[in-house]
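Start counting at 1 in the sequence shown, then tack on 59, and there's your number in the working numbering. The structure appears right after this line, and notes come after that.
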Amino acid sequence: MYGAAEFSRDSDFVVLAEPANLEALKRALKVLKAVPVYFPDLSIEYLAKGHASHFRCRARGVAGLRVDVMGRLKGCEPFNRLWVRRSRVRVPGAGSVDIISLADLVDSKKTQRDKDWLMLTRLVENDVFISNGRGNPSKVFWWLTQARLPETLVSLSAEHPAQAKKAAAARPLLREAIRGNVGRLSALLKKEEAAERASDFKYWTPLKKELEKMRLGRKR
Numbered sequence: 060m061y062g063a064a065e066f067s068r069d070s071d072f073v074v075l076a077e078p079a080n081l082e083a084l085k086r087a088l089k090v091l092k093a094v095p096v097y098f099p100d101l102s103i104e105y106l107a108k109g110h111a112s113h114f115r116c117r118a119r120g121v122a123g124l125r126v127d128v129m130g131r132l133k134g135c136e137p138f139n140r141l142w143v144r145r146s147r148v149r150v151p152g153a154g155s156v157d158i159i160s161l162a163d164l165v166d167s168k169k170t171q172r173d174k175d176w177l178m179l180t181r182l183v184e185n186d187v188f189i190s191n192g193r194g195n196p197s198k199v200f201w202w203l204t205q206a207r208l209p210e211t212l213v214s215l216s217a218e219h220p221a222q223a224k225k226a227a228a229a230r231p232l233l234r235e236a237i238r239g240n241v242g243r244l245s246a247l248l249k250k251e252e253a254a255e256r257a258s259d260f261k262y263w264t265p266l267k268k269e270l271e272k273m274r275l276g277r278k279r
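Here it is as structure tokens:
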């Protein structure tokens, strides 16, 4: 959809964690013959905390597909805001499908995993490429605050000096992009990424401890 395709047998869903919606989701999982492959169980309580529920499909045509269900995404706004910003695509034979916006997808990729940083870099780079580096002020501002490659930031800053100056208030490392100092900019980008990784670690530590407690409890 956003030009950074990656082969996967997993599918991720962020859902509105409300009773009626979860009942509808459970019916859909039943059609897919999806069985839980980990814990916690699918519930409003656990989804609200930030946990994910994991399933493996057994229905014909989707056998082996894993379905991960979340009620909130680290680094992203609540579901109602994600829903407002969603994109919609038409899938032959399936009708319209709502997907997370590019901006929210990029935010959700700021994790501890190397592959997520590679993915978010490709997502932003592709968006810049297909627009030839030109866009409305809000789009250019987003590129400037999210792009990961020093050369891209230097180029964008040169093409959009007023926007770069404005964006630097939110992302100070852009001052080095404006100056064309690639070496210093590269170092600051690494520091920025390290801070995001640390934030992700802090977010998941208590949730992982809770999962471990559940695992030990089930062994008894």
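Glycine included, every Cβ here is placed at the ideal spot set by N, Cα and C. It should be emphasised that the depicted structure is a prediction, and the values quoted were computed from it without experimental measurement.
Can you give me the C-alpha to C-alpha distance between residue i and residue j, rounded to a whole angstrom?
i	j	result
Cys-116	Leu-182	28 Å
Asn-195	Lys-224	16 Å
Met-273	Phe-98	8 Å
Ala-107	Glu-269	14 Å
Thr-180	Asp-100	33 Å
Glu-104	Ser-216	45 Å
Val-156	Arg-149	6 Å
Trp-176	Val-90	34 Å
Lys-174	Ala-76	28 Å
Ser-245	Ile-158	32 Å
Leu-161	Arg-207	15 Å
According to DSSP, which residues form a beta bridge with residue i?
i	result
Phe-72	Val-128
Ser-148	Checking the displayed sequence, the identity of residue 148 turns out to be Val instead of Ser. For Val-148, which the question treats as bridged, DSSP gives the partners Val-156.
Ala-111	Met-129
Val-94	Arg-115
Would the beta-carbon of residue i be found less than 7 Å away from any heavy atom of the ligand NAP?
i	result
Glu-184	Among the components of this structure there are no ligands whatsoever, and the ligand NAP is therefore not found.
Given a threshold of 16 other Cβ atoms within 10 Å of its Cβ, counted over all protein chains shown, does residue i qualify as buried or as exposed?
i	result
Trp-201	buried
Glu-235	buried
Gly-130	buried
Thr-264	exposed
Ala-254	exposed
Arg-86	exposed
Phe-138	buried
Lys-168	buried
Asp-186	buried
Ser-112	buried
Asp-166	buried
Pro-151	exposed
Excluding sequence positions up to five away, which residues of its chain have a Cβ less than 6 Å from the Cβ of residue i?
i	result
Val-199	His-219, Gln-222
Leu-57	Since the first and last residues shown for the chain are 60 and 279, residue 57 lies out of range.
Residues in its own chain within less than 8 Å of residue i by CB, not counting five upstream and five downstream?
i	result
Arg-243	Glu-235
Asp-163	Leu-132, Cys-135, Glu-136, Leu-141, Arg-144
Report all residues from its chain with a CB closer than 7 Å to the CB of residue i; omit the five preceding and five following residues, and keep chain order.
i	result
Val-94	Phe-114, Arg-115, Arg-117
Ala-122	Cys-116
Ala-226	Phe-200, Leu-203, Thr-204, Leu-233
Tyr-262	Lys-133
Ala-229	Thr-204
Pro-211	The displayed chain sequence assigns Thr, not Pro, to residue 211. Within the same chain, Thr-211 has close Cβ partners Glu-184, Val-187.
Would a check of beta-carbon distances place residue i closer than 8 Å to chain C?
i	result
Asp-166	The displayed structure is made up of one protein chain only, and chain C is not part of it.
What runs of the beta strand (DSSP E), each 3 residues or longer, lie entirely inside the segment 154 to 218?
154 to 158
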